[in-house]
């Protein structure tokens, strides 16, 4: 069953054609990495999936809900589709623990004791139990991103969207975040879409690679095939520019 | 001056009382209304945005005295309103437009990632505003809001024009009674300073406390 399905999707910012005739299907449990030069529309594409960006044409079905329909309840959709941002977007006015607990409390009406137990369990999973009562400003970038991942997981989503999760991090912080993402990808029921420039991560974890340029999907291939025999010239160029 | 004050102490103190009462009512009312109109301008509904914008543009671009006279002369013909009530309503509405703009600016100054984080996390527009964006916005607007509150107290002197019994009204009365056109206003100025100075210092204290 497909978790995410784009059919002929178009997106504009004024005159700028941000997404061109996007056709893409992601199965439940799949891990898909989006690659491409900056400005190619990867982030825009991933942001349409949870309705942070609207679409102007075509059809987009996520978890059986139609995003082209203005009546679709985005809050309901977002319960099942979490997102991790480049700049973390932790709630600056809440403690780390509250950052994780607030949405399950308000949206899922999770019982307070259970909520706290789940949150502490997730903090343990990302190695940050000792930071529970601190505020986001007191954490390093890598720690913030791990909290952001825990916050998304607390909603028990079916799919997670990662929008350049390591791009704003100091190099020594990147591996801790990737390690957690790798663990999540191993969960066979979790659908993951990751916009990243981390080639090692893509090679190791992705089932499929989507290569985008100029708002179009140029290549959609199994990971090994993409890295060994990319069909598109633009993809070959892109890969050759990445220093290994 | 002291003898003028002692001989008219009850009028001055009565005026002081009405000024405080009017200011407190207008402060609470205009903060609630201002917050409401700030939200109306940013809620994801074009009609609500328009209503908010029209209200703010009209109210803040008409002199306070004109708004107040409107309530005292026009509205008071339909509903029984005395000068104090008309003046306080005028003051509340007028100030609410400035507070709405101040709060809206504060909301806009909160990083949009905070809002996106909340929405992507499954929270509704209102939940995200209530728990994430507004608390941070209020933090940012405490200093400009303090200025609005000080302005409000000073502007409450508009009540004098509609027989609102406030400090300025009493000063006018005493001045006419005693033919002293100087001292009553000095005394009244001191009373206003007794309200506005502590408020200014308190706001500065909050600002400094928040900075850390």
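Protein chains in written order, with the working numbering: chain S, 1 to 244; chain R, 1 to 212. All C-beta atoms in this analysis are idealised placements derived from N, C-alpha and C, irrespective of residue type, glycine included.
How far does the alpha helix (DSSP H) with residue 160 (chain S) in it reach, from first residue to last?
Run containing residue 160 (chain S): none in the alpha helix (DSSP H); it sits in the beta strand (DSSP E), 159-163.
Let me know the alpha helix (DSSP H) ranges lying completely inside the stretch 26-83 of chain S, each 4 residues or longer, listed in chain order.
42-49 and 74-80
Among S:125, S:165 and S:195, whose alpha-carbon lies nearest the alpha-carbon of residue 41 (chain S)?
Closest option to residue 41 (chain S), Cα to Cα, is S:195.
Taking the alpha-carbon positions, what's the residue 59 (chain R) to residue 37 (chain R) distance?
12 Å
Taking only beta carbons into account, state which residues of the stretch 119-148 of chain R come closer than 8 Å to chain S, listed in chain order.
When CB distances to chain S are screened at a threshold of 8 Å, the residues of the stretch 119-148 of chain R falling below it are 119, 120, 121, 122, 123, 124, 127, 131, 132, 135, 136 and 139, in chain order.
Taking its Cβ as the centre, do 16 or more other Cβ atoms sit within 10 Å of residue 133 (chain S), making it buried, or is it exposed?
exposed
Look at the alpha carbon of residue 141 (chain S) and the alpha carbon of residue 69 (chain R), and state the distance between them as a whole number of angstroms.
57 Å
Does any residue of chain S bring its CB to less than 8 Å from the CB of residue 207 (chain R)?
no
Would DSSP call residue 92 (chain R) helix, strand or coil?
helix
Which residues of chain S have a Cβ atom closer than 8 Å to the Cβ of residue 106 (chain R), listed in chain order?
Neighbours of residue 106 (chain R) on chain S: none; closest Cβ ~13 Å, over 8 Å.
In angstroms, rounded to a whole number, what distance separates the CA positions of residue 194 (chain R) and residue 145 (chain R)?
19 Å
Label residue 202 (chain R) either buried or exposed according to how many other C-beta atoms from any shown protein chain fall within 10 Å of its C-beta, with 16 as the threshold for buried.
So residue 202 (chain R) ends up on the exposed side.
For residue 205 (chain R), count neighbouring Cβ atoms within 10 angstroms of its own Cβ and tell me buried if that reaches 16, exposed if not.
With fewer than 16 other Cβ atoms within 10 Å, it is exposed.
From what residue to what residue does the alpha helix (DSSP H) around residue 3 (chain R) run?
2-7
If we ignore side chains and look at the alpha-carbon of each, how far apart do residue 124 (chain R) and residue 45 (chain R) end up?
14 Å
For a test of the three-state rule: what should DSSP assign to residue 4 (chain S), helix, strand or coil?
Strand.
Buried or exposed: which applies to residue 179 (chain S), given that a residue is buried once 16 or more other Cβ atoms fall within 10 Å of its Cβ?
exposed
Hey, quick one: how far does the beta strand (DSSP E) through residue 247 (chain S) stretch, first residue to last?
With chain S represented from 1 up to 244, any question about residue 247 (chain S) goes unanswered, as that position is not in the structure.
Report yes or no: is there a C-beta of chain R within less than 8 Å of the C-beta of residue 113 (chain S)?
no
At least one CB of chain R closer than 8 Å to the CB of residue 162 (chain S): is that the case?
no
Smallest Cα separation from residue 153 (chain R): which of R:50, R:101 and R:188?
R:188
So, using beta-carbon positions, are residue 37 (chain S) and residue 213 (chain S) closer together than 8 Å?
Yes, the pair counts as a contact, with Cβ atoms nearer than the cut-off.
Looking at chain R, is there any beta carbon in it that lies within less than 8 Å of the beta carbon of residue 245 (chain S)?
Residue 245 (chain S) lies beyond the stretch modelled for chain S, which goes from 1 to 244, so this question has no answer here.
Using alpha carbons as the reference points, say which of S:86, S:115 and S:106 lies closest to residue 174 (chain S).
Cα-wise, what sits closest to residue 174 (chain S) is S:86.
What residues of chain R sit near residue 89 (chain S), judged by a beta carbon separation below 7 Å?
113, 114, 116 and 117
Could you spell out the range, first to last residue, of the beta strand (DSSP E) harbouring residue 209 (chain S)?
208-213
Smallest Cα separation from residue 209 (chain R): which of R:191, R:151 and R:143?
R:143
Who does residue 221 (chain S) pair with in a DSSP beta bridge?
S:209
Are the Cβ atoms of residue 26 (chain R) and residue 91 (chain R) separated by less than 8 Å?
Yes, Cβ-Cβ distance for residue 26 (chain R) and residue 91 (chain R) is below 8 Å.
Whole angstroms is fine: what's the gap from residue 47 (chain S)'s alpha carbon to residue 53 (chain S)'s?
6 Å
Can you tell me whether DSSP reads residue 22 (chain S) as helix, strand or coil?
Correct three-state label for residue 22 (chain S): strand.
Taking the alpha-carbon of residue 170 (chain S) as reference, which of S:181, S:145, S:127 and S:131 has the nearest alpha-carbon?
Of the candidates S:181, S:145, S:127 and S:131, the one whose C-alpha sits nearest the C-alpha of residue 170 (chain S) is S:145.
Note down, in chain order, every chain R residue with its Cβ under 7 Å from the Cβ of residue 116 (chain S).
For the C-beta of residue 116 (chain S), not a single chain R residue is nearer than 7 Å; the gap to the nearest is close to 17 Å.
Can you tell which of R:171, R:85 and R:147 has its C-alpha closest to the C-alpha of residue 207 (chain R)?
R:147
With H, G and I counted as helix, E and B as strand and the rest as coil, what does DSSP make of residue 173 (chain R)?
helix
Any heavy atom of the ligand MG within a distance shorter than 7 Å of the CB on residue 131 (chain S)?
Ligands are entirely absent from the displayed structure, and the ligand MG is therefore not among its contents.
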